[in-house]
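Accompanying notes for the structure given below.
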Amino acid sequence: MATRLLQRVNAKQTALFVCDLQEKFRNNIKYFPEIVQVTKRLIQASTALDIPIIATEQYPKGLGHLVPELGIKELNIPVYAKNCFSMCANDIMTDLEKRQVHEIILCGIEAHVCIYQTCLDLLNRGYVVHVVADACSSRSMTDRIVALKTLQQAGAFLTTSESMILGLVGGSDHPKFKEVQKIIMESAPDTGLLAHL
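The numbering of the sequence shown is full-length UniProt numbering, which starts it at 1 and goes up by one.
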């Protein structure tokens, strides 16, 4: 399959997917605190720009709930429980269709399982998918890096959190630019990608 031509993200038709950043994974996922911190920046920017946010929990009965640092409860972000790996459950996809979303910003864990399967499902349904590399991880760096490279080959756009956040505002003339600029004033933490990409 040919890689899609690069294109700018369109904030008016975009949603943020936050995948399975749950308590049970805290001590097993590479760079987990940093991934959470970067994801929180994406959540803050999306909230400021009125971009819909959808979050999932994989088998919450056994794996716990999303980590509180994300601020999901305080922001009243809808959280969907799931047992399948992909986030593309019927109720989530119905929600997207109602909002006329055509592009997805994807972050969370694990890169080679739930992120991977969600991304492929979204691509197969015709969505443009932006995988935020510094906001996705796995238990092993090998799985993480191979998954990111494979998803890029499949047609997803690999990006970074800061590039995505600034892409959503498009320029300093955006009315919310100063608010969003504060979110990224301090550089995102190192999530271990430099030696692998």
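Where a beta carbon is used, it is the ideal one built from N, C-alpha and C, also for glycine.
Predicted, not measured: the structure shown is a model, and the values here were computed from it.
Check                                                                                                        : Outcome
V18 beta carbon less than 8 Å from that of A47                                                               : It is worth fixing the name first, because residue 47 is Thr in this sequence and not Ala. Not in contact: T47 and V18 (Cβ atoms no closer than 8 Å).
S86: first and last residue of the uninterrupted beta strand (DSSP E) it sits in                             : Note, S86: premise wrong, no beta strand (DSSP E); not H, not E.
Where the alpha helix (DSSP H) through I35 begins and ends                                                   : F32 to A48
Buried or exposed by the 16-neighbour rule on C-beta atoms within 10 Å, applied to P33                       : exposed
Where G192 falls: helix, strand or coil (DSSP)                                                               : coil
Among E186, L194, A154 and R144, nearest to R41 - alpha-carbon criterion                                     : E186
Ranges of the beta strand (DSSP E) found wholly within the segment 138-163, counting only runs of at least 3 : 157-159
Which listed residue (Q58, T14 and L193) has its alpha carbon closest to that of C114                        : Q58
Beta carbon of residue 272 nearer than 8 Å to that of A55                                                    : The structure shown does not extend to residue 272, since the chain is modelled only from 1 to 197, so the question has no answer here.
Rounded distance between the beta-carbons of C136 and I109, thought under 8 Å                                : 7 Å
Beta-carbon spacing of L66, Q117 below 8 Å                                                                   : no
Whole-angstrom C-beta distance between I43 and L70, which should lie under 8 Å                               : 6 Å
Best match in K149, R125 and V129 for proximity to N90 [C-alpha to C-alpha]                                  : R125
Closest residue to L158 among A147, V131 and A15 (Cα-Cα distance)                                            : V131
Distance CB(L63)-CB(K24) smaller than 8 Å                                                                    : yes
Helix, strand or coil at A11 according to DSSP, with G and I counted as helix                                : helix
Euclidean distance between Cα positions of L151 and L120                                                     : 8 Å
Same chain, Cβ closer than 7 Å to M1, five either side skipped, listed in chain order                        : A caution first: M1 carries a pLDDT of 41, below 50, which makes its placement in the model unreliable, though a value can still be read off. Same-chain partners within the cutoff: A154 and G155.
Exposure of T191, with buried meaning 16 or more beta-carbon neighbours within 10 Å                          : buried
Backbone CA spacing between I188 and C88 [nearest angstrom]                                                  : The sequence given here places Ala at residue 188; Ile does not occur at that position. Near 28 Å, if we compare the C-alpha coordinates of C88 and A188.
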